[in-house]
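Going by this note's numbering, the first residue of the sequence shown is number 282, and it counts up by one from there. All residues carry an ideal CB built from backbone N, CA and C; glycine is no exception. Structure, as structure tokens:
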Amino acid sequence: MKRIAITLCIVFLGIIAFTHYKNYKRFNPPTLYTYTLRTDIDAQYHDPAVLLAYYENARRLPMMAREQWYNQDIDVLTPDHENQESVDASEIFRKLQATTDAQGARLAYSAQLKKLGFSNAEIREIELKGLSAFQAFVLKKALKLPLQRGDQNGSVWELQHLLVGLGYTMPVDGNFVQETESAVKAFQQKNKLYPSGVADEATMILLLQTTK
282 MKRIAITLCI
292 VFLGIIAFTH
302 YKNYKRFNPP
312 TLYTYTLRTD
322 IDAQYHDPAV
332 LLAYYENARR
342 LPMMAREQWY
352 NQDIDVLTPD
362 HENQESVDAS
372 EIFRKLQATT
382 DAQGARLAYS
392 AQLKKLGFSN
402 AEIREIELKG
412 LSAFQAFVLK
422 KALKLPLQRG
432 DQNGSVWELQ
442 HLLVGLGYTM
452 PVDGNFVQET
462 ESAVKAFQQK
472 NKLYPSGVAD
482 EATMILLLQT
492 TK
């Protein structure tokens, strides 16, 4: 009887320990699941719905990630590729993240144009019809084009933000190094431009129009 009691006690303690571990894991995800809002966006954007959608999606992203971890034990940032539910949840999360990044890039582009003197009406026209020759000239001067490997300035930082908004991976630090050059080449090749890795006027105009 004593041996049975000891065995039952060990099993009981094991169950308690496992339960505590599961609860601890449940309330302590592997990351904080935060989304950092851009600080360079146009808060007076001509379409308030886009601005509201950006803030709403930025709020939903961490909530979605935490809910998947809390309810399904799924880390959307590092999915288990042998678990289809985990893969599907991660794909939904990443699509929303890409949408949110693109909205942020669009709002930041509007802010950049306003710094050059464009109005809301003019920005709406640019988004619908593209840049005119004069607007392209103004933009070229403002962004100090072309941008290439070795450059370090705010224009490179904006270029990196636009590329990240399209799903390319690189540090957003204003330094035009190998990662940025590779992303520019990939974008150029995808859009049938010569893959020089140099962000010239044609590349920047197409990039800005793609992320609008």
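In the displayed model, GLN325 falls within coil according to three-state DSSP, outside both helix and strand. Secondary structure note for LYS396: its alpha helix (DSSP H) is the uninterrupted segment 365-396. In the pairwise beta carbon analysis, the segment 450-457 is classified as touching the segment 435-442: at least three pairs are separated by under 8 Å.
When DSSP states are grouped into helix, strand and coil, ASN434 belongs to the coil group.
Listed in chain order, the non-local C-beta contacts of SER371 below 6 Å within the same chain comprise VAL357 and PRO360, local neighbours out to five positions each way being set aside. The segment 398-413 makes no contact with the segment 468-479: fewer than 3 CB pairs, one atom from each, lie closer than 8 Å.
Where SER400 is concerned, there is no enclosing alpha helix (DSSP H), because DSSP gives it neither an H nor an E.
The beta carbons of ILE322 and ALA389 sit closer together than 7 Å.
In terms of Cβ geometry, TYR316 and LEU333 do not form a close pair [threshold 7 Å]. For ALA480, DSSP records a beta bridge to LEU428. In the DSSP assignment, THR359 falls outside any alpha helix (DSSP H) and carries neither an H nor an E. The C-alpha of HIS442 is placed about 13 Å away from the C-alpha of THR491.
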